[in-house]
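Scroll down for the structure; my scribbles are underneath it.
Number of protein chains: 2
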Amino acid sequence: MTYEFDEQTAVTRRDDATYAADLAPGWSVGGGLNGGYLLAVLGNALRQAFPAKPDPVAVSAYYLSASEAGPAEVSVAVRRDGGSLATAAADLRQGDDVRITALATYGDLGRLGGDVRTTADEPDMPPPDQCVPNTMAPPQMRAVAPLMDRFDMRFHPDHIGWTVGQPSGNGVLSAWFRLADGREPDPISLLLVVDALPPVTFDLGLPGWAPTLELTAHVRARPAPGWLKVRHATRNLAGGMFEEDCEVWDSAGRLVAQSRQLARQPRA
Amino acid sequence: MTYEFDEQTAVTRRDDATYAADLAPGWSVGGGLNGGYLLAVLGNALRQAFPAKPDPVAVSAYYLSASEAGPAEVSVAVRRDGGSLATAAADLRQGDDVRITALATYGDLGRLGGDVRTTADEPDMPPPDQCVPNTMAPPQMRAVAPLMDRFDMRFHPDHIGWTVGQPSGNGVLSAWFRLADGREPDPISLLLVVDALPPVTFDLGLPGWAPTLELTAHVRARPAPGWLKVRHATRNLAGGMFEEDCEVWDSAGRLVAQSRQLARQPRA
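Order-wise, the sequence lines are chains A and B.
Residue numbering for the first sequence follows numbering that gives the first Met the number 0, beginning at 0 and increasing consecutively.
Residue numbering for the second sequence follows numbering that gives the first Met the number 0, beginning at 0 and increasing consecutively.
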């Protein structure tokens with residue numbers, strides 16, 4: 000069985016440094032394609048470039064222009080490949096326009112030590128069937144965000160006041176997450192997951208889209224199959240920008256990915 | 000008056016894309032030069048490359064090999080320069096070795112909006128004269144860390160149990176910070192400040208040095224003159240790596256910089 004996520008994030012090797020992609024329209028939101036989707040496409044090119052180091056460990060992406068459905072190219076320039084890690088620069092382009100410029104370190108997460116001393120608290124969430132599914136989003140939101148049809152998200156009921164005009168003001172959003180097509184999570188899909196929920200600014204009464212300037216993701220372990228818990232928070236909305244921290248916990252209760260992005264504040 | 004920090008992070012323009020630096024031995028710690036110092040050198044080259052956009056807004060650095068005192072070169076490749084922000088790739092090299100490869104977005108922090116809706120809590124610290132100065136560090140520590148002589152740091156007394164073999168286990172370190180030569184903070188020096196304290200793993204009973212793999216800093220405002228408060232925390236020590244989050248607050252009570260790094264766990 001081939002999953003939609005794998006088909007639509009696939010890249011084809013042209014030469015040692017170039018990979019072709021075909022960006023799919025189903026991942027669009029507002030005026031462009033979702034940044035997490037683009038990161039997964041770029042991540043797949045890097046995975047092909049480092050066959051013995053298949054997992055993203057750290058990826059930093061700078062978003063330079065909005066992407067659109069259609070052909071794209073990922074170029075990879077290896078900066079260092081030695082020991083257990085490899086680092087490369089990668090660009091995702093469409094025509095003459097660079098959409099994303101990135102740096103990434105890859106390795107083999109299966110070979111890391113098993114010592115886990117996480118002190119972060121796993122988010123406390125009601126079971127998925129007691130949360131609010133994204134399928135309940137109003138049609139006008141789904142019309143501008145075909146992206147939402149890719150996901151099965153179940154929002155924490157305490158974090159969706161913004162859907163009825165009553166944002167909490169806390170700057171926190173959390174949800175259960177899985178891909179709608181049933182594909183299980185892996186380190187590449189986590190690159191999508193860290194930028195899949197609505198902007199945390201929705202919970203601050205700022206409902207517009209928030210363009211990402213920079214996003215860095217750390218993938219810390221291969222996720223167990225099943226539902227993921229995703230939590231977004233912001234603590235520093237100032238000067239027209241905000242940071243959005245994301246944690247992703249797997250079904251085994253492990254903190255498998257962390258990310259932080261700097262984004263522009265939505266226009267009021 | 001010329002300050003040590005400015006002299007020793009200065010770069011000389013060779014051409015549009017190349018800047019020469021002379022890395023100073025006073026910033027070494029353990030086997031190499033401090034990563035924050037190197038980031039400030041690289042940051043100065045980018046500042047020269049974008050005269051109308053003098054401030055680092057986001058900088059992501061991947062540390063590929065240990066630096067040593069002596070000549071270095073920073074190469075800058077502009078990726079996008081338009082509107083209020085510019086993004087470039089930059090490498091810091093010594094001879095044939097890339098020490099750091101980085102991406103950065105620069106802008107003019109003085110032109111951002113004045114709206115501040117920070118919800119993060121400013122760290123609660125006793126006054127500097129009731130904190131523990133770094134000058135009290137044992138001679139064997141100062142011998143391997145000449146870096147410490149560059150700083151006037153005053154550690155929160157609750158966060159220095161590790162100096163007497165009693166780490167709290169909380170994964171938190173905080174200190175007042177200023178440069179020993181009296182230079183006031185600015186956005187470039189904040190690139191140093193986010194990687195100036197000892198590794199937060201000291202507070203987890205892991206006293207070795209922790210090599211940075213990746214560090215991303217967001218500079219959110221030009222800092223007011225005076226003491227800075229710096230707080231490091233980690234929540235996910237696992238698989239031989241940990242994340243270290245840093246917050247820097249200025250004397251006016253503003254959260255002026257945030258960073259996160261992924262580092263290797265010190266050997267026990």
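Just so you know, even glycine gets a beta-carbon here, dropped at the ideal spot from N, CA and C.
Take the alpha-carbon of Glu-67(B) and the one of Ala-19(B): they are about 15 Å apart. Partner residues in the beta bridge of Val-131(B), as assigned by DSSP, are Phe-154(B).
Out of Ala-76(B), Ser-64(B), Pro-55(B), the CA that lies nearest to the CA of Asp-14(B) is found in Ala-76(B).
Contact with chain B is absent for Glu-121(A), since none of that chain's Cβ atoms lies less than 8 Å from the residue's Cβ. Rounded to whole angstroms, Asp-249(B) and Leu-146(B) show a C-alpha spacing of 22 Å. Put simply, the CB of His-217(A) is near chain B, with a gap under 8 Å to one of its CB atoms. Scanning chain A for C-beta atoms nearer than 9 Å to the C-beta of Glu-242(B) yields His-217, Arg-219, Gln-257, reported in chain order. Non-local beta-carbon contacts of Gln-165(A) in its own chain, meaning distances under 7 Å to residues more than five positions away in sequence, are absent. Under DSSP, Phe-176(A) shares a beta bridge with Met-152(A), Leu-227(A). Under the 8 Å criterion on CB atoms, Ala-223(A) is classed as non-interfacial with respect to chain B.
Contact of Asp-114(B) with chain A by beta-carbon distance below 9 Å involves Leu-236, Ala-237, Gly-238, Gly-239, Gln-264. For Gln-93(B), the uninterrupted beta strand (DSSP E) run begins and ends at 84 to 93, by DSSP. Asp-90(A) places its beta carbon less than 8 Å from that of Thr-100(A). Taking the Cα positions, Gly-29(A) is about 9 Å away from Gly-207(A). By the criterion of at least three beta-carbon pairs nearer than 8 Å, the stretch 194 to 211 of chain A is in contact with the stretch 31 to 40 of chain A.
Proximity of Arg-78(B) to chain A, defined by a Cβ-Cβ separation below 8 Å, is satisfied. Spanning the alpha carbons of Arg-219(A) and Asp-180(A) requires a straight line of approximately 24 Å. Using a Cβ distance threshold of 8 Å, Asp-244(B) and Arg-221(B) do not count as a contacting pair.
Of the candidates Ser-167(B), Leu-172(B), Leu-191(B), Leu-172(B) places its Cα closest to the Cα of Asp-123(B). Residues of the stretch 97 to 113 of chain B that bring their beta carbon within less than 8 Å of a beta carbon in chain A comprise Val-97, Thr-100, Ala-101, Leu-102, Thr-104, Leu-108, Leu-111, Gly-112, Gly-113, in sequence order. Where Ala-103(A) is concerned, the enclosing beta strand (DSSP E) starts and stops at 96 to 106.
At a cut-off of 8 Å between C-beta atoms, Leu-45(B) does not count as an interface residue with respect to chain A.
Between the alpha carbons of Tyr-36(A) and Leu-111(B) lies a gap of roughly 30 Å. Residue-level contact by beta carbon holds for Thr-86(A) and chain B, with a gap shorter than 8 Å. Any Cβ of chain B closer than 8 Å to the Cβ of Ala-57(A) would place that residue at the interface, and such an atom is present. Separation of Pro-70(B) and Thr-8(B) (C-alpha to C-alpha, rounded to the nearest whole angstrom) is 12 Å.
Closer than 8 Å to the CB of Glu-213(B) there is at least one CB belonging to chain A.
Against Tyr-61(B), the close residues of chain A are Thr-86, Leu-102, Thr-104, in the order they occur along the chain (beta-carbon pairs closer than 7 Å). In the DSSP assignment, the residues bridged to Phe-241(A) are Ala-262(A). Against chain B, the CB of Thr-162(A) has no partner CB under 8 Å away; the residue lies outside that interface. Taking a Cβ-Cβ cut-off of 7 Å, the neighbours of Gly-170(A) in chain B comprise Thr-118, given in sequence order. By the Cβ rule, the stretch 222 to 241 of chain A does not count as touching the stretch 59 to 66 of chain A, because fewer than three pairs are nearer than 8 Å.
The Cβ of Leu-254(B) sits closer than 8 Å to at least one Cβ of chain A. Going by beta carbons, Gly-106(B) and Asp-54(B) fall inside the 8 Å limit. Neighbours of Leu-261(B) in chain A, taken as residues at a C-beta separation under 7 Å, are given in chain order as Ala-57, His-217. For Ala-20(A), the enclosing beta strand (DSSP E) has its first and last residue at 17 to 22.
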